[in-house]
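J.:
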Amino acid sequence: MSPVNTKAWKKLENSFNYAANLQMRELFEKDQSRFDTFSIRFENILFDFSKNIITKEILALLVELAEETDLDSAIESMFRGEKINWTEKRAVLHTALRAPADTRISLDNNDIIPVIRKELDKMSDFVEKLHEGQWLGFSGMTITDIVNIGIGGSHLGPEMVCNALRPYSKPGLNMHFVSNVDGNAIHETLKQLNPETTLFIIASKSFTTQETITNAMTAREWFLRKEETNLDDISKHFIALSTNTDAVVEFGIDPANMFEFWDWVGGRYSLWSAIGMSIALYVGMDNFLALLSGANKMDIHFREAPFDRNIPVILGLLGIWYTNFFGADSHAVIPYDHYLAKLPDYIQQLDMESNGKTIDREGNRVNYSTGPVIWGAAGTNAQHSFFQLIHQGSRLIPADFLAPAIPHNHIGNHHNVFLSNFFAQTEALMKGKTQAEAMNELKSKGLDGKELEELLAHKIFEGNKPSNSIMYKKLCPETLGMLISMYEHKVFVQGHIWNINSFDQWGVELGKILARNILPELENENEVTSHDSSTNGLINFYKESK
Ligand code: F6P
119 MSPVNTKAWK
129 KLENSFNYAA
139 NLQMRELFEK
149 DQSRFDTFSI
159 RFENILFDFS
169 KNIITKEILA
179 LLVELAEETD
189 LDSAIESMFR
199 GEKINWTEKR
209 AVLHTALRAP
219 ADTRISLDNN
229 DIIPVIRKEL
239 DKMSDFVEKL
249 HEGQWLGFSG
259 MTITDIVNIG
269 IGGSHLGPEM
279 VCNALRPYSK
289 PGLNMHFVSN
299 VDGNAIHETL
309 KQLNPETTLF
319 IIASKSFTTQ
329 ETITNAMTAR
339 EWFLRKEETN
349 LDDISKHFIA
359 LSTNTDAVVE
369 FGIDPANMFE
379 FWDWVGGRYS
389 LWSAIGMSIA
399 LYVGMDNFLA
409 LLSGANKMDI
419 HFREAPFDRN
429 IPVILGLLGI
439 WYTNFFGADS
449 HAVIPYDHYL
459 AKLPDYIQQL
469 DMESNGKTID
479 REGNRVNYST
489 GPVIWGAAGT
499 NAQHSFFQLI
509 HQGSRLIPAD
519 FLAPAIPHNH
529 IGNHHNVFLS
539 NFFAQTEALM
549 KGKTQAEAMN
559 ELKSKGLDGK
569 ELEELLAHKI
579 FEGNKPSNSI
589 MYKKLCPETL
599 GMLISMYEHK
609 VFVQGHIWNI
619 NSFDQWGVEL
629 GKILARNILP
639 ELENENEVTS
649 HDSSTNGLIN
659 FYKESK
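The working numbering puts the first residue of the sequence shown at 119, with every later residue one more than the last.
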C-alpha cells in the first residue's frame, strides 16, 4: 500500500504546518519531563529521541502510520521466513543466524537452525585450530596475518566490527582488508606480508564479484610466486566464505576450507554468517557469539515491543518524518567512539543499498522520497569538518549521535573532554543561539555600533536541528550486536512503509555490465568509438596516456 494513501499520512501532512513552527527549545522549557517521555532504556543502551521536532501527538500519528501500513505483519513475515524479497523470490533470514539453538525456523519445510549451528561449529573448530597453533602455514609457521578479500557486504560489516572490537582482539593476529580492485590496495597490503604466515579469506556470497575474484587471483599468484610453495599449499592459506561451492572449487579452494551461507542472507546483512569469519578469528568465537546474542536481543525487542517503545521502529518513523514531511535529503551518523569510526561507511551500504529504490511493491514509480543519503564521520573530528553546515547551513540534517559511557582506555580526562563535546553538540543543535543571546555575547566582548551590527547575523544559530542520542555503557560485542541489529531493523521499517523492496540491489548491475564490456576495449590499441562522445573521449585519453 502506498503510504501517501493512508489516513495517517494525510493527518501527518495536516500536522506538518503546525509542526514546522515548533521550537524544540520551547518544548523543553514547557515540559520538564520531555526526556522521560521521549527516551527508552533497553539493556545497557539509552536511546534519547527527545531532541526531535515531535510532540506526543505527532509520535502517535507516526505510530498510526506504522499500524496502518501493517508493519506488525511485515515484521512477522520476515522473522517467519516468508519470501519477502519478492524480486529475487527469497526469504530474508539474517535474524535466524543469531537465533538461539533451540529456535525452530522453517524454510520450505526445513528447519534451518541445524544447518546454521553446523556452520557455526565448523567456524568454531577452525578458529580454535588457528588460535591454538594447530592450523599452521605450509612451512610450519604460525599464522600471524589474515587478509579478508571481499567487497560491499563481504567487507564493510566485518571491517567495521573488527575495528569496533579491537580491544578484544587476539594478541599476535593482524587483520587486513582488501576490497577495492585498485591494484594499489592489494599492493600496499601484500608488501607487508610473508606468505608463510598469511591466511587469505576470500569472502564473496556469489563468488563472481569482479573486484574480489581479481584480488583473490592476485593474492594466489603472489602466494605461489614464493619458490617453496606449490598448489597443494593453497589449502593451508586460502579459505572461502560463500554460497557458491562450484565457483569456490573452480578457484582452487578445497570445499573443506569453505564456510557456507545461504541465499536468504543478503550481502549487507551477512556479517552474522560465515562472512563474519574474520571477526571470529580476530576476537575469538566467544566474542563472535556474544555479538550474535546481542543482535538477537534487539531482534526480540523489535518483534515484541509496542511501536511507541520500540527503538528501531521509532528511529525509522522519525526518519520518515524528516524525509517525507520536512524534505530532509540526508541523514548523518556520528559516532563519538573511535572504535566505531567505520560505522557510517557500514550504515551507508546497509541503508542506501536497501532503500535507494523508486519502484514500489505494485511495480509503480513512487511519488514520494525514499532512502536518504547516509553519511557521517566520528566526532570530534566531524566537528572540525562538516558541523558548520549542520549548525548554520541551509539544509535540515537529522543526525544520530552515538557514545559509550565507559571508554576502553582510561587516559587522563580524555573521556570527559570527549563526552563534553558529545553532550554539547546535540544541545547546541537543538537550542541554537537567539539574536538576543548573540547580541549580549558580542556586547560583553566590547563590540558595539557598526561592528556589532555587521557581525550579529553571523553569530545567530537557528537551532531546532534534530538529533537522536544513543548512549551505551561500553562497546562490548553484545552491545555492538544490538546497535547493528537496531540499524538493520530501522532500515526494514522505512523500506516497509515506503512500500519498496529493501532486500534486492538491481541498481548495482548496470555499471557492472558496462564495465565488463569496456574491459576488452582497454586491452587493445584501437581507438574506441562505440560509446557516447564523453565516454569515448575518456577511454581514448586513458589509452593514449597509459
Ligand atoms: O554491491 C553489490 C553487491 O552485490 C552487494 O550487495 C554485496 O554486498 C557486494 O556486491 C558483494 O557481493 P559478493 O559477496 O557476492 O561478492
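All C-beta atoms, glycine included, are put in the ideal place defined by N, C-alpha and C.
Once the 5 residues before and after Ala-398 are set aside, which same chain residues still bring their CB inside 6 Å of it?
T.: Against the sequence shown, residue 398 aligns to sequence position 280. So the list reads Met-241, Val-245 and Phe-406, once near-sequence residues are dropped.
J.: What does the alpha-carbon distance come out to for the pair Asp-190 and Gly-511?
T.: Taking the sequence shown and counting its residues from 1, the one referred to as residue 190 is at position 72. Taking the sequence shown and counting its residues from 1, the one referred to as residue 511 is at position 393. So the alpha carbons of these two residues sit roughly 38 Å apart.
J.: Checking the sheet assignment: what are the DSSP bridge partners for Tyr-590?
T.: Within the sequence shown, the letter at position 472 stands for residue 590. Paired residues: Ile-163 and Pro-522.
J.: Based on DSSP bridge pairs, tell me the residues matched to Val-265.
T.: The residue labelled residue 265 in the question sits at position 147 within the sequence shown. For Val-265, which the question treats as bridged, DSSP gives the partners His-294 and Phe-318.
J.: For Lys-661 and Ile-331, what's the separation of their Cα atoms in angstroms?
T.: Taking the sequence shown and counting its residues from 1, one reaches residue 661 at position 543. Taking the sequence shown and counting its residues from 1, one reaches residue 331 at position 213. Rounded to whole angstroms, Lys-661 to Ile-331 spans 24 Å at the Cα level.
J.: Excluding the five sequence neighbours on either side, which residues of its own chain have a C-beta within less than 6 Å of the C-beta of His-533, listed in chain order?
T.: As a working note, residue 533 is residue 415 in the sequence shown. Close CB contacts of His-533 within its chain, under the 6 Å cut and outside five residues either way in sequence, are with Pro-525 (chain order).
J.: Pick out the complete alpha helix (DSSP H) segments inside the segment 319-388, 4 residues or longer, and give them in chain order.
T.: Listed in chain order, the complete alpha helix (DSSP H) runs (minimum 4 residues) inside the segment 319-388 are 328-343, 352-355 and 363-369.
J.: Using CA coordinates, which residue listed in Ile-515, Glu-555, Asp-381 and His-502 is at the minimum distance from Asp-622?
T.: Here residue 622 corresponds to residue number 504 of the sequence shown, with the count starting at 1. Comparing alpha carbon positions, the residue from Ile-515, Glu-555, Asp-381 and His-502 closest to Asp-622 is Asp-381.
J.: In whole angstroms, what separates the C-alpha of Asn-531 from that of Leu-537?
T.: Translated into the one-based positions of the sequence shown, residue 531 becomes position 413. Translated into the one-based positions of the sequence shown, residue 537 becomes position 419. Between Asn-531 and Leu-537, the alpha-carbon positions lie close to 10 Å from each other.
J.: Does the segment 407-417 come close enough to the segment 264-272 to have 3 or more Cβ pairs within less than 8 Å?
T.: Taking 8 Å as the limit for Cβ pairs, the verdict is that the segment 264-272 does not touch the segment 407-417.
J.: What is the DSSP secondary structure of Thr-544, reduced to helix, strand or coil?
T.: If you number the sequence shown from 1, residue 544 lands on position 426. Thr-544: helix per DSSP, three-state reduction.
J.: Any idea if Lys-630 is buried or exposed, counting beta-carbon neighbours within 10 angstroms, 16 or more meaning buried?
T.: Residue numbering aside, residue 630 sits at position 512 when the sequence shown is read from its first letter. Lys-630 should be labelled exposed.
J.: Hey, how far is the Cα of Glu-545 from the Cα of Glu-206?
T.: By 1-based counting over the sequence shown, the position of residue 545 is 427. By 1-based counting over the sequence shown, the position of residue 206 is 88. Spanning the two alpha carbons is a distance of roughly 45 Å.
J.: Taking Arg-216 as the reference, which of Pro-232, Ile-202, Asn-203 and Lys-201 has the closest Cα?
T.: Working through the sequence shown from its first residue, we reach residue 216 at position 98. For the residues Pro-232, Ile-202, Asn-203 and Lys-201, the minimum Cα distance to Arg-216 belongs to Pro-232.
J.: Using three-state DSSP, classify His-649 as helix, strand or coil.
T.: By one-based count along the sequence shown, residue 649 stands at place 531. DSSP places His-649 in coil when its eight states are reduced to three.
J.: With a 10 Å radius around its C-beta and 16 neighbouring C-beta atoms as the bar for buried, classify Gly-497 as buried or exposed.
T.: Counting from 1 along the sequence shown, the entry for residue 497 is found at position 379. Classification for Gly-497: buried.
J.: Could you tell me the boundaries of the beta strand (DSSP E) in which Pro-453 lies?
T.: Within the sequence shown, numbered from 1, the residue matching residue 453 stands at position 335. That run of the beta strand (DSSP E) goes 448-453.
J.: Please indicate yes or no: does the CB of Thr-330 lie closer than 6 Å to some heavy atom of ligand 1?
T.: Stepping through the sequence shown from its first residue, residue 330 is reached at position 212. Flag set: Cβ of Thr-330 near ligand 1.
J.: Return helix, strand or coil for Ile-492, following the three-state DSSP convention.
T.: The sequence position of residue 492 within the sequence shown is 374, counting from 1. The answer is strand: DSSP assigns Ile-492 an E or B state.
J.: Less than 7 Å separating the beta-carbons of Ser-373 and Lys-344?
T.: Here the question's residue 373 lines up with position 255 in the sequence shown. Here the question's residue 344 lines up with position 226 in the sequence shown. It is Pro, not Ser, that sits at residue 373 in the sequence shown. No, the pair does not count as a contact, with Cβ atoms beyond the cut-off.
J.: What's the gap between the Cα of Leu-283 and the Cα of Ala-126?
T.: In the sequence shown, residue 283 corresponds to position 165, counting from 1. In the sequence shown, residue 126 corresponds to position 8, counting from 1. Taking the straight line joining both Cα atoms gives about 42 Å.
J.: Can you tell me which of the three DSSP states Ile-304 falls into?
T.: Residue numbering aside, residue 304 sits at position 186 when the sequence shown is read from its first letter. Looking at Ile-304 - three-state DSSP - the assignment turns out to be helix.
J.: Of the choices Asn-348, Ala-334, Leu-317 and Glu-572, whose alpha-carbon is the least far from that of Val-299?
T.: Residue 299 sits at position 181 when you count from the first residue of the sequence shown. Of Asn-348, Ala-334, Leu-317 and Glu-572, the residue nearest in Cα terms is Ala-334.
J.: Are the beta-carbon atoms of Ser-587 and Phe-519 separated by less than 7 Å?
T.: For the purposes of this step, residue 587 is taken as the residue at position 469 of the sequence shown. For the purposes of this step, residue 519 is taken as the residue at position 401 of the sequence shown. In this structure, the beta-carbon distance from Ser-587 to Phe-519 falls below 7 Å.
J.: Would you report the Cα separation of Leu-342 and Asn-527, rounded to the nearest angstrom?
T.: Position 224 of the sequence shown, counting from 1, holds the residue named residue 342. Position 409 of the sequence shown, counting from 1, holds the residue named residue 527. Answer to the nearest angstrom: the Cα atoms are 42 Å apart.
J.: Any contact between the segment 414-428 and the segment 595-607? By contact I mean 3 or more CB pairs, one from each, below 8 Å.
T.: yes
J.: Write down the C-beta distance between Tyr-605 and Ile-465 rounded to the nearest angstrom, noting that I regard them as a contact closer than 8 Å.
T.: The residue given as residue 605 occupies position 487 in the sequence shown. The residue given as residue 465 occupies position 347 in the sequence shown. Yes, Tyr-605 and Ile-465 are in contact; Cβ-Cβ is about 6 Å, under 8 Å.
J.: For ligand 1, is there a heavy atom less than 6 Å away from the beta-carbon of Ser-472?
T.: Numbered from its first residue, the sequence shown carries residue 472 at position 354. Not so, every heavy atom of ligand 1 lies at least 6 Å from the Cβ.
J.: Thinking just about the alpha-carbon of each residue, which of Phe-160, Lys-129, Glu-147 and Arg-159 is nearest to the one in Leu-177?
T.: Within the sequence shown, residue 177 is the residue found at index 59, counting from 1. Here the closest residue by C-alpha is Lys-129.
J.: Are Leu-389 and Gly-494 closer than 7 Å when you measure CB to CB?
T.: Position 271 of the sequence shown, counted from the start, is the residue given in the question as residue 389. Position 376 of the sequence shown, counted from the start, is the residue given in the question as residue 494. No, they are not a contact pair.
J.: Touch check for the segment 218-230 and the segment 194-209: three-plus C-beta pairs under 8 Å?
T.: A contact exists between the segment 218-230 and the segment 194-209.
J.: For Val-666, is the classification buried or exposed, using 16 other Cβ atoms within 10 angstroms of its Cβ as the cut-off for buried?
T.: One cannot answer for residue 666 here, as it falls past the ends of the chain, which runs 119 to 664.
J.: Going residue by residue through the segment 409-444, where are the continuous alpha helix (DSSP H) segments of at least 4 residues, counting only ones entirely within it?
T.: For the segment 409-444, whole alpha helix (DSSP H) runs of length 4 or above, ordered along the chain, are 429-438.
J.: Considering only the beta carbon of each residue, do Glu-194 and Ala-392 sit closer than 7 Å?
T.: Reading the sequence shown from its first residue, position 76 is the one you call residue 194. Reading the sequence shown from its first residue, position 274 is the one you call residue 392. 7 Å or more divides the Cβ of Glu-194 from the Cβ of Ala-392.
J.: How many Å lie between Thr-262 and Gly-290 at the Cα?
T.: By 1-based counting over the sequence shown, the position of residue 262 is 144. By 1-based counting over the sequence shown, the position of residue 290 is 172. Each residue's alpha carbon lies about 6 Å from the other.
J.: Beta-carbon within less than 7 Å of Asp-421's beta-carbon, same chain only, minus the 5 sequence neighbours each way: which residues are those?
T.: Position 303 of the sequence shown, counted from the first residue, corresponds to residue 421. Note on identity: in this sequence residue 421 is Arg, with Asp being the wrong assignment. Ile-193 and Phe-197.
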